[in-house]
Amino acid sequence: MSAPDYSFQFGKFNYICNNVMLTLCPLVGTADGIEPVCYSRNVRLVDTLIFQPSTLIIHLIALIMTAIMIYHIRSKYTAVGRKEIIMFFYLYMLVTIMDLLLISGIIPTASDLYPWFTGVHLGLISATFWCLLLNGFVGFQFAEDGTPLSLWSIRLSSFVVFGAVTFLSIATFKNMSPFNSANPIALWIVFFIFNGAALLIYVILQIVLVVNTLDDRWPLGDIIFGIAFFATGQVILYVFSVQICNFAKHYIDGLFFGTIATLLSVMMVYKYWDSITKEDLEFSVGSKQNVWEVKELLGEDDMGGNGGGMYGQQNQGHGYGGPSPAGGPYGQPNFYEGY
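This note's numbering applies: residue 256 is where the sequence shown begins, and numbers increase by one.
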């Protein structure tokens, strides 16, 4: 049997998996999968080998940071696209959990469950990119945000993408005809071209939205930083992983920095969304935000004797024919007088 070709080839993961340890690498290329040239050393924890311990720590940090971002999004009750964007962060959290279980070896590669969990992991990744893409249309108000049409179109289509990519992945790993793990062209196209196109379209949509709709150009900085973080992480992950691993004497590899860069890019998605969605006060009139201030604590006599309203202002000149009769305990008109 000839040695596998590890040069870059369209439709094959040989070059990628020879440089970095992805969750699908043990399941494609050859019967035994493809092992990277250099990867982070493992540690023993309670009689269990934990792979990629440094990356595992970053995954735990990512889960904490995502929970914080979700909390802040949920607290902005009147922000545009709040319910839509929060689905993206929930999906990212699920992707991180699956990555944590598979990369760390908590679910061993030799386990019969590993191909199924990996298929779910890849399906969640594509669903996350798809959800982000659809969030890019929310600002254009093709469907009003927060409505069942807007929410369920994202939920159902993301679920369809998740199911299709999960099936494709498992069919490839199990060599179900016409899919083949030695030549996983369809899976490669989905993993790189479909996901990459979804991200690219989202970025273009947001640039158009900022330039044509908003007066403020600062959100463009969030977009640029997000792209820079993601692109840097991908280059480190797929190009310089082996060099980093050898230089760090197997303590870390490109997966460590790639995970950090992905987290930073997701945080920039939140920062961008937060910068373009200003929360409206519940009692704002028009586009002017009112700042409610209590100047002084009024006594009951002051509030009841000035013919004023609840906040001490005079009820005059509002179309009600002059001062209102103040007969109630707080200066409100006594409509029931005489009855």
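Idealized CB from N, CA, C, for every residue including glycine.
Q) Where does L469 sit, in a helix, a strand or coil, going by DSSP? A) coil
Q. Roughly how many angstroms lie between the CA atoms of I507 and C500, to the nearest whole one?
A. 6 Å
**Q.** Expected contact under 8 Å - CB spacing of L460 and G391 to nearest Å
**A.** 4 Å
(Q) Report the CB separation of L454 from A441 in whole angstroms; it is logged as a contact under 8 Å. (A) Between A441 and L454 the Cβ distance is about 19 Å, and since that is not below 8 Å, they are no contact.
Q.
Taking 6 Å as the limit between beta carbons, can you name the residues of its chain near G488, skipping five residues before and five after?
A. G513, A516, T517
Q: Check G513 in the structure and name its three-state DSSP category.
A: Three-state DSSP puts G513 in a helix.
Q: Starting from the C-beta of H505, find all residues in its chain whose C-beta is less than 7 Å away, skip the five residues before and the five after it, and write them out in chain order.
A: Excluding residues within five positions, the ones whose Cβ falls inside 7 Å are C293, S295, R296.
Q) Based on the DSSP output, what are the partners of T303 in its beta bridges? A) L300
Q: Please check the pair A382 and V416, which I expect to be a contact at CB under 8 Å, by giving their CB distance rounded to whole angstroms.
A: 5 Å
(Q) Once the 5 residues before and after R299 are set aside, which same chain residues still bring their CB inside 8 Å of it? (A) These residues qualify, in order along the chain: I305.
Q. Between I341 and F265, what straight-line distance do the alpha-carbon atoms span, to the nearest angstrom?
A. So the alpha carbons of these two residues sit roughly 35 Å apart.
Q: Look up P370 in the DSSP assignment and say whether it is helix, strand or coil.
A: helix
Q) According to the neighbour-count rule (16 or more other Cβ atoms, all chains shown, within 10 Å of its Cβ), is G418 buried or exposed? A) exposed
Q. So what does DSSP say about V549, is it helix, strand or coil?
A. Model confidence at V549 stands at a pLDDT of 42, short of 50, so the residue's coordinates are unreliable; what they give is reported in the following sentence. Reduced to three states, the DSSP call for V549 is coil.
Q: Jot down the residue ranges of each uninterrupted alpha helix (DSSP H) in the region 265-324, minimum 4 residues, whole runs only, in chain order.
A: Entirely contained in the region 265-324, the alpha helix (DSSP H) runs reaching 4 residues are, in chain order, 269-274.
Q) Can L389 and I409 be called in contact, C-beta distance under 9 Å? A) Contact: yes.
Q. Can you tell me whether Q396 is buried or exposed, with buried defined as 16 or more other CB within 10 angstroms of its CB?
A. exposed
Q | Contact set for L387: own chain, Cβ-Cβ below 6 Å, skip 5 residues either direction | A | F343, Y457
Q: Give the DSSP-derived three-state secondary structure of S262 in the structure shown.
A: coil
(Q) Quick check: W385 and I425, are their CB atoms within less than 9 Å of each other? (A) Not in contact: W385 and I425 (Cβ atoms no closer than 9 Å).
Q | At least 3 beta-carbon pairs within less than 8 Å: the region 357-374 vs the region 323-341 | A | no
Q: Would you mind sorting F268 into buried or exposed? The rule is 16 or more other CB atoms within 10 Å of its CB.
A: With 16 or more other Cβ atoms within 10 Å, it is buried.
(Q) Here's the rule: buried if 16 or more other CB atoms are within 10 angstroms of the residue's CB, otherwise exposed. What is M431? (A) Exposed: under 16 other Cβ atoms inside 10 Å.
Q) DSSP on Y493, reduced to helix/strand/coil? A) helix
**Q.** A365 burial status per 10 Å Cβ neighbour count (16 or more: buried)
**A.** exposed
(Q) Using a 10 Å radius around the Cβ and a threshold of 16 neighbouring Cβ atoms, would you call D470 buried or exposed? (A) exposed
Q | 9 Å Cβ cutoff, N430 in contact with chain B | A | As a matter of chain content, chain B is missing from the structure shown, which is built from one protein chain.
Q) Any idea what DSSP makes of A452, helix, strand or coil? A) helix
Q) Thinking C-alpha only, which one of V393, S530, F511 is nearest F495? A) F511
Q: Look up F397 in the DSSP assignment and say whether it is helix, strand or coil.
A: coil
Q. Near I380, what residues of its chain come up, given a Cβ to Cβ distance below 6 Å and the 5 sequence neighbours on each side ignored?
A. V350
(Q) Buried or exposed, going by whether 16 or more other CB atoms sit within 10 Å of the CB of S520? (A) Counting Cβ neighbours within 10 Å, S520 comes out buried, since at least 16 surround it.
Q) Anyone know if the C-beta pair for L492 and V275 falls short of 9 Å? A) yes
Q. Nearest to G311 by CA position, among T303, V445, L355, T532, is which residue?
A. First, the amino acid is wrong: residue 311 is Leu here, not Gly. Nearest option by C-alpha distance: L355.
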